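Residue numbers (my numbering), protein chains in the order written: chain D, 18 to 217; chain Y, 18 to 217.
Built from N, CA and C at the ideal position, the CB exists for glycine as well.
Every value quoted in this text rests on a predicted model; they were computed, and no experiment measured them.
Inspection log for the structure reproduced underneath, given as structure tokens.
Number of protein chains: 2
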Amino acid sequence: MLQELPTLAQLIKTLQQVPYLASKNLYRVATYFLRMDAAKAEQFCHAIQEVKEKLRQCETCFCWREKEKPCLFCSSSKRDQTLVCVVESWHELLVIEKTQGYGGVYHVLGGVISPLEGINSDDLTIEPLIQRVADKNIKEIILATNQTPEGEATAAFIARKLKDSKVIVSCLARGLPVGSSLEAMDRLTVYKALSERRPF
Amino acid sequence: MLQELPTLAQLIKTLQQVPYLASKNLYRVATYFLRMDAAKAEQFCHAIQEVKEKLRQCETCFCWREKEKPCLFCSSSKRDQTLVCVVESWHELLVIEKTQGYGGVYHVLGGVISPLEGINSDDLTIEPLIQRVADKNIKEIILATNQTPEGEATAAFIARKLKDSKVIVSCLARGLPVGSSLEAMDRLTVYKALSERRPF
Chain D
18 MLQELPTLAQ
28 LIKTLQQVPY
38 LASKNLYRVA
48 TYFLRMDAAK
58 AEQFCHAIQE
68 VKEKLRQCET
78 CFCWREKEKP
88 CLFCSSSKRD
98 QTLVCVVESW
108 HELLVIEKTQ
118 GYGGVYHVLG
128 GVISPLEGIN
138 SDDLTIEPLI
148 QRVADKNIKE
158 IILATNQTPE
168 GEATAAFIAR
178 KLKDSKVIVS
188 CLARGLPVGS
198 SLEAMDRLTV
208 YKALSERRPF
Chain Y
18 MLQELPTLAQ
28 LIKTLQQVPY
38 LASKNLYRVA
48 TYFLRMDAAK
58 AEQFCHAIQE
68 VKEKLRQCET
78 CFCWREKEKP
88 CLFCSSSKRD
98 QTLVCVVESW
108 HELLVIEKTQ
118 GYGGVYHVLG
128 GVISPLEGIN
138 SDDLTIEPLI
148 QRVADKNIKE
158 IILATNQTPE
168 GEATAAFIAR
178 KLKDSKVIVS
188 CLARGLPVGS
198 SLEAMDRLTV
208 YKALSERRPF
């Protein structure tokens, strides 16, 4: 039936390209757009196109910034410009910002090394990071990639690249989440919490 | 941080309104749009706006049709216009079409009665269905709503409304899915399969 309704077929095809729309929800999302009134559709498209128009990536840390403004982090005098937290994407950056406990700046990698998905180190902002460490007065790099095999491999790759520089390379503490009970945790987390124990 | 990046905040807010985007995926979908090049963004928006421009709902069966063409189903001389299958949405219509075993026409309800979500019978196309049965020469109505409490309640509501008309009201068979083993099925399905058993 869809091939006889080309406009609808085109919408489905377009939505199919959006990641994380499982195929079951695809039709529900399509229905959302089908029922949306024209004014709201325009608003939606405006929001998407504004992003192209007005947002740029910071040339230093690769976080998003408004085109006519400097980067929130790199231009801030209140932040410690010698402390750089390396994150996979701006989503993780937001998570760290939410802790309100970090006063340094960031470096957004734009993903992780994943040969299976065809992403290698050149696709990420690792080279600019190495350059940033070499050029600027940076004292410490915190590797805050996710605790996944790819995240840890990427962190290891960066640490190896920075081995010969004088910068301190650290990473996030591993262990039990706050409020967790030992019983509910997986074996590996408990093992890590035990082997990386700290003085009370 | 988001309040200082209004364009990005607006994108997030717009995407939040799309149903079935869980909050964890929200940032991943946002990243998809952030990284999309301008030409592709325009293409995306074009597909959404074309839908407003070119698709209409059929006034009889409420399925989608291209504006300048008649309804695929209601205008077809190959289809039995006296047999009407009532479905919740065009998504279920596609599912039935895929069986290639149905030669009648459809009636799309546009949802199910769900007082908890504030959807009552007036929000659906039940009244036009009753009118259609009264006005046209319709012999049988197949109630093909989903096997959910709301779906069955909606079917019961329609059946009650049609009680005094001469139309035959039927519904989909309930029982064991093809290829299923009894052991893997839930108790209620087995019970229904048993109590609604048919001659071999």
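Setting aside the 5 residues that flank it on each side, residue 155/Y is surrounded in the same chain by 99, 101, 184, each with a C-beta closer than 6 Å to its C-beta; the list follows chain order.
Below 8 Å, too few C-beta pairs join the region 125-144 of chain Y and the region 52-69 of chain Y to call them touching: fewer than three. Residue 76/D is not a Cβ neighbour of residue 130/D, given a cutoff of 8 Å.
Counting the other CB atoms within 10 Å of its CB gives residue 55/D a total below 16, which places it among the exposed residues. Annotation: Cβ neighbours of residue 61/D in chain Y (cutoff 7 Å, chain order): 31, 65. Of the residues assessed, residue 44/Y falls on the buried side of the cut-off, its CB having 16 or more other CB atoms within 10 angstroms.
Between residue 27/D and chain Y, the shortest Cβ-Cβ separation is below 8 Å.
Here residue 123/Y is buried: its Cβ has 16 or more other Cβ atoms, across all protein chains shown, within 10 Å. For residue 45/D, the nearest beta carbon of chain Y is closer than 8 Å to its own beta carbon.
No Cβ of chain Y is located within less than 8 Å of the beta carbon of residue 133/D. Between the C-alpha atoms of residue 203/Y and residue 159/Y there is a straight-line separation of about 25 Å. The closest CA to that of residue 179/Y, considering only 169/Y, 151/Y, 28/Y, is found on 151/Y.
Taking 8 Å as the threshold, the shortest C-beta distance from residue 48/Y to chain D falls below it. The Cβ atoms of residue 72/Y and residue 18/D lie no closer than 8 Å to each other.
Residue environment for residue 106/Y: buried (at least 16 other C-beta atoms within 10 angstroms of its C-beta).
Below the 9 Å Cβ cutoff, chain Y contributes no neighbours of residue 137/D, its closest Cβ being approximately 17 Å away. Per DSSP, the continuous alpha helix (DSSP H) segment holding residue 169/Y begins and ends at 166-178. Between residue 192/Y and residue 213/Y the beta-carbon gap is near 6 Å, inside 8 Å, which marks them as a contact.
Assignment of beta strand (DSSP E) within the region 84-131 of chain Y, counting only whole runs of 3 or more residues, yields 97-104, 121-125 in chain order.
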